[in-house]
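Under our numbering, the first residue of the sequence shown carries the number 54, and numbering increases by one thereafter. A virtual CB, placed ideally from N, CA and C, is assigned to each residue, including glycine.
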Amino acid sequence: MISQVGRELYKVPLRILDHRVFVNGEIESFLDNFEVRRNDSEVEKLFQVTETVGSLKYDLSERGIALGNENLSNLNTEVNSLLNGVNILLHKAKGERTVSNKLQEARKAREERKAEFLINLQHGYQRIDNSFEEKEEEIAELYSDLQLKLNITK
């Protein structure tokens, strides 16, 4: 029995100082109150939003449709006029242009200079070929003279 009393006396400070049960109860009551208040305010906000959406739907939808049709028809006419302007511009750009006399003369002068350049280039090639052939002949004569002088037979 004394051991049982000793155990009970040992548990007394734990029971006195253990506030877990009280704190848990307070936390649960606070959460319940908070959730109830929060749910009430959220429900009120949902009703307000529903009323606002309903009034916007019925009051502003017809007005919005009318304004949209009016503005869209204006935009349609403006876009069509812009498209016509672009088509006219493209048609003008694709049209054949007459070449001015000055441009024709400049082209003719460039072609003449090109032809003259090609003739001079061909003449230069011919001169190089001729000089090369002359040098070959001179070298061939020199070797034949050397062969004669040195009495080398082929």
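Residue span of the alpha helix (DSSP H) that contains residue i, given as start and end
i    : result
G177 : N154 to L203
Pairwise C-alpha distance: residue j and residue i
i    : j    : result
Q57  : V65  : 13 Å
F100 : L142 : 58 Å
H176 : R166 : 15 Å
D85  : D112 : 40 Å
R150 : E158 : 16 Å
A193 : I172 : 31 Å
Proximity winner among the options, relative to residue i (alpha-carbon distances)
i    : options             : result
G148 : N154, N140 and K155 : N140
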